[in-house]
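See below for the structure under consideration.
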Amino acid sequence: MGTKRLREEKVGAQDSSAHTDAQRPRKKLHTYSEDDTRLAQWFNDLADDVRATRISACREIVLFLDRATHEQADRILEKLIRGLCSNRKAARLGFSLTLTALLDGTYGQAAHADWERQIRGLLSTVESLTIPPGNPSNQERKDYQLGRCLAFRAVIQSKILHNRRASEGLAIFEHLLDHLFSLYKEAPAIRQECGSTANSILVTGSASPPDSAYATALLQAYQKHGAAKTPEGLAAWLEANLILPDPADLPDGVWHKRDPLDPKERATLIHILRDNSNESGDDHVIPKKGSTGYAQKSPCVAWDPLLKAVISRSLDNGSFFTQFWKEAVDEAFFSTKASSERKAIGLQLVRLGIARLPPALVSGALSPHVVRCIINQRSSPKNTLHAAAEVPLKAICSRAKTDSDSAFALLSTLTGELGLVNLDKLTRTKTLDELLSCVSNEDMDSVLELVETTIRKPKTLEHLDAEISQRSSADLLLSIARKQRPPIAPAADEQSGDARPSGSPSVFPWLKLFSILTRYAYLSNRNDQAVSDAVRQIFQTRTMSCLTHTMDAGLDPGLQHAAHVVQTIRKLAKSGEYELGLRADSTVSEILTRSSIRIHDLEKQLRKSSPTQQSILSAFKLLYALSVLQVHNGDGDAVSILEELHEIDSMASANNSTSTSLIEILLGFLSRPSALFRKLAEQVFSAIAVQVDTEGLHALLEILDKPENLNGQQELFENADDVAEELASMVENEATAHLSDSSGDGSSDEDDEDDEDDDDEDASDVEVVEAHGLQEATDSSNAEDDSDGSDASSESSNDGDAASEPDAELTAFESKLAQALKTNKLTPNGETTTSDTSDESDMDDDQMMELDGHLTKIFQERTKQSNKKKDNRDAKGTVVNFKNRVLDLLTIYVKQGYSQGLVLEIVLPLLQLTRTTSTQDLSARAFAVLKLLFDTCSKQKTWPEADTEELFTYLAGIHKEARSSITKVHGSAVSRSSLFIVKIAVAKDRKNYSKSADMYATLQKEWYSQPKSKIPNAMFTEWTSWGINSRK
């Protein structure tokens, strides 16, 4: 009851105190005009992330101000100042731009009598509008303080001060500085922004420099407020020093001799730059240590003008920069006690130095402490500064792309002074690789000398021993070679047609590169410490890889490089200063000497020979040179090749046919797992292709008929086991070299990246045959003819000897194992049987020993079966690879000998290859050679010369091959080959069409009468289509 009474009394009291409708004040109704709507949209657009939208909104507001009322202009000004305090999107950018434009139009044009009073009022307005309301959070307080700072910056950057004489604006500027430094002390978090705002008076958008009176006032303000020895005060001093005409105009008592770079001020300077704190004597004004209270994430604002001053002073005295960088960066930011945060700032400084320093000084930024920090941080992705350490390396690459002189300077420092020839492996980047791409040919002589010095006198560092340094130097020489491209022919004069020699690019010093490789691959200096056998082998491999690249890329048109290597070996060995790395008996030495002399004689003959003879002579010279190098590489078979070459050379001198003998030698080179020998065979074969006779061509075609299994490998290679061992040995040596390099580069194995593996694989000349990657079927269309495929592929059915019925082998193995263990086993039907002797009892020691012998025998048999499968897979890969190389030679032969009648001999063997091979790629390649023959003859309108009887013999063989067609590739090849022969016969005599038609009719009758015939349907449709078109 009491509660109800209290509630009624409370309601009554509210009713008695409530206003009547007449007494209650009415709310003021705001009416929004169209202008207000547009202004609201423009203000919203000022915060847009798109720059074009912000600029458009700024333009609209400035145009609106020309017709705005005084009240509207005040509201716009207030809105712009408040907008600077917003952290929404890009609001500060848009509102700051618009406020600057507004101040230009309002206060920067006309000279008002009360101008100074208006500006003071403007500053007071900024102060009042940027006071955070209520009890703000730290972030809100910072936003309003930053908005006030940006408003002051808009005043400085506008034309308020710059369009007036310094005598008129100086008082306002000093008043503005008082406001700024008050904020500077009040808000440590934005101290750098306040300093940058004050210093912006020294930078104008016009061509004329700012008035020196403003610079003097600014420095005096820093001194007055105790901020002269802060990063912002240092930046102001250095920038003002460029403006003031007389150094005596600088304030006294701040820096010794008014010079912050004076050696006596070095400790103070470093403290300011490193700790980003006050080093002024006025500690009561701005506290010293940790004055901002915020972690420094980037270099202070003083670094940019400071670097300009240091560069200017170091142009005449390079040691000044070296000493400054050592103390201010190397020791201050990269000492052993430096924190990760400080090192992160130091890495940014290194990037800044690489970007700003001139070529003469840029390499000084890569001091030992800096490089050590980069290497350590890049050694593992788990390191704190792993990504930050990549920033200076990217800066190096960027600088090198725009300045070749800097590229050479940086490369010289990294590989020469520091000896870091393995930098790319240590840092997991492509820094040296990029630098090599940017160094000009004019500087390549010096680069090669640097690398040779590193090889001769390798530096031993924390991440590098002598052997790894020499290995990496060999890799670096290979990278240099692979960076080269054929030179662009100089432009010809339009009037005379002659090439202009002036301004033509210099030629890369190939002979110097190969001379360096030769000295360490095949020789040893008696006066220097000899390289190890492992390093010598690396140099030999890199030499062959360089030769491969120059031949493949067309960088050795005269085939001089291999001969130069041989002549260098002979010349240096005769000088007595060097001795051969090869230990050979008198017979081998005599053959090598005779071969070197023959190479020298061939070079003389080349100068006097005709263009038609030059190709043959160059081919012989290349064969001699590479065979000699193979002997020096330790290949005993190369000695017999040299003997055969001398015999062939004698036959050629007697005008006897040598093409067959040369082809046999080339096939020997093709059997080796080397890209260089493949290029050699193609190069030599191109020189003798038009001279190939029937015997030589059949030597190539016989290889295509070999089965792709272990038997085929044994037929191709009498020393098949030696070939397989050689391939395995070469691959193992490359893997061992890679592991040795990886183990000594200072990084853990588990952190190695894939790109390093790719680089090491590319550095080798060895071509590895991946048998596991070969296709076991020729085409997806084989599924249509699976039921009949076994009849047509009888030639390759032996492939299944080692890989047949894996399930049956597994079942047999399990059966033997179960029998030995006397346990349950699975029958071929999947049923479980139990051994009669299974009594669930334990075995004694004798039984265990007997069981152990049985198990050993069973597993040995299983291992033999697995090894046999692997041998067959490897053999198949070897044979397929050999056939691919033969197809390369046949491609060359077709391009040059398409008009010879002998070229028709390749048609039927290639058709058989497309049918019998179990590798899809090989089948397609064989068909591609046939298509090249067909298309070349059609394009040149030239047909091979052959007798009519021979043509129809070829056609009969093709039709016989058509009856065994099992794939679409083979069917298409048979159809086109048949038409090709018919076209030749009809072109020879149109009467041959009748016999061709009869042969097609016979084939079609057989196809029609036998529903299961394998003759492809396309043969008859293409025949009919050709007949219709040719009749027209």
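Under the numbering used here, the residues of the sequence shown are numbered 3 to 1034, in order. Backbone N, C-alpha and C fix where the C-beta goes; we use that ideal spot for every residue, glycine too.
DSSP state of residue i mapped onto helix, strand, coil
{"i": "Y146", "result": "helix"}
{"i": "N994", "result": "helix"}
{"i": "L557", "result": "coil"}
{"i": "S526", "result": "strand"}
{"i": "L582", "result": "strand"}
{"i": "S688", "result": "helix"}
{"i": "S35", "result": "coil"}
{"i": "S652", "result": "helix"}
{"i": "S676", "result": "strand"}
{"i": "E710", "result": "coil"}
{"i": "P511", "result": "coil"}
{"i": "E947", "result": "coil"}
{"i": "P394", "result": "helix"}
{"i": "N1031", "result": "helix"}
{"i": "W327", "result": "helix"}
{"i": "H388", "result": "coil"}
{"i": "K231", "result": "coil"}
{"i": "T1004", "result": "helix"}
{"i": "L131", "result": "helix"}
Neighbourhood of residue i by C-beta, 7 Å cutoff - its chain only, sequence neighbours within 5 removed
{"i": "P511", "result": "M446, D447, L450"}
{"i": "Q1048", "result": "The structure shown does not extend to residue 1048, since the chain is modelled only from 3 to 1034, so the question has no answer here."}
{"i": "Q486", "result": "F510, L557"}
{"i": "I983", "result": "L953, Y956, L957, I960"}
Residue i classed as buried or exposed, judged by whether at least 16 other C-beta atoms fall within 10 angstroms
{"i": "T1023", "result": "exposed"}
{"i": "T918", "result": "buried"}
{"i": "H1073", "result": "The question about residue 1073 has no answer, for the chain in this structure spans 3 to 1034."}
{"i": "S474", "result": "buried"}
{"i": "S408", "result": "buried"}
{"i": "G636", "result": "exposed"}
{"i": "A54", "result": "exposed"}
{"i": "S996", "result": "exposed"}
{"i": "S1032", "result": "exposed"}
Beta-carbon spacing of residue i, residue j below 8 Å
{"i": "I203", "j": "F183", "result": "no"}
{"i": "C196", "j": "L178", "result": "no"}
{"i": "T921", "j": "Q715", "result": "no"}
{"i": "V312", "j": "S198", "result": "no"}
{"i": "S1027", "j": "F884", "result": "no"}
{"i": "L131", "j": "R77", "result": "no"}
{"i": "L935", "j": "V896", "result": "yes"}
{"i": "L664", "j": "I690", "result": "yes"}
{"i": "Y224", "j": "A237", "result": "no"}
{"i": "V86", "j": "L152", "result": "Reading off the sequence shown, one finds Leu at residue 86, where the question assumed Val. Cβ atoms of L86 and L152: closer than 8 Å."}
{"i": "S998", "j": "A987", "result": "yes"}
{"i": "A930", "j": "T916", "result": "no"}
{"i": "A59", "j": "G107", "result": "no"}
Cβ-Cβ separation, residue j to residue i (assumed contact under 8 Å), whole Å
{"i": "W2", "j": "L981", "result": "Outside the displayed range of the chain (3 to 1034) lies residue 2, so it cannot be described from this structure."}
{"i": "V417", "j": "L452", "result": "This sequence places Thr at residue 417; Val is not what is there. That pair is a contact at about 6 Å."}
{"i": "F323", "j": "R276", "result": "With 8 Å as the limit, F323 and R276 do not qualify as a contact, their Cβ atoms being about 18 Å apart."}
{"i": "S526", "j": "E581", "result": "6 Å"}
{"i": "R358", "j": "L309", "result": "5 Å"}
{"i": "I274", "j": "T232", "result": "7 Å"}
{"i": "A468", "j": "C548", "result": "So it is not a contact: roughly 23 Å between Cβ atoms."}
{"i": "L48", "j": "T127", "result": "No, L48 and T127 are not in contact; Cβ-Cβ is about 19 Å, not under 8 Å."}
{"i": "P361", "j": "L420", "result": "Wrong, their Cβ atoms sit about 18 Å apart, outside the cutoff."}
{"i": "V909", "j": "S966", "result": "V909 to S966, Cβ: 15 Å. No contact."}
{"i": "E605", "j": "K623", "result": "7 Å"}
Neighbourhood of residue i by C-beta, 6 Å cutoff - its chain only, sequence neighbours within 5 removed
{"i": "A476", "result": "I540, F541, R544"}
{"i": "R143", "result": "P134"}
{"i": "L434", "result": "L425, D426"}
{"i": "P249", "result": "R260"}
{"i": "W327", "result": "G366"}
Sequence-distant residues of its chain with Cβ nearer than 8 Å to residue i (five each side left out)
{"i": "D535", "result": "none"}
Any non-hydrogen atom of the ligand ADP closer than 7 Å to residue i Cβ
{"i": "Q298", "result": "Among the ligands in the structure shown, none appear at all, so the ligand ADP cannot be discussed."}
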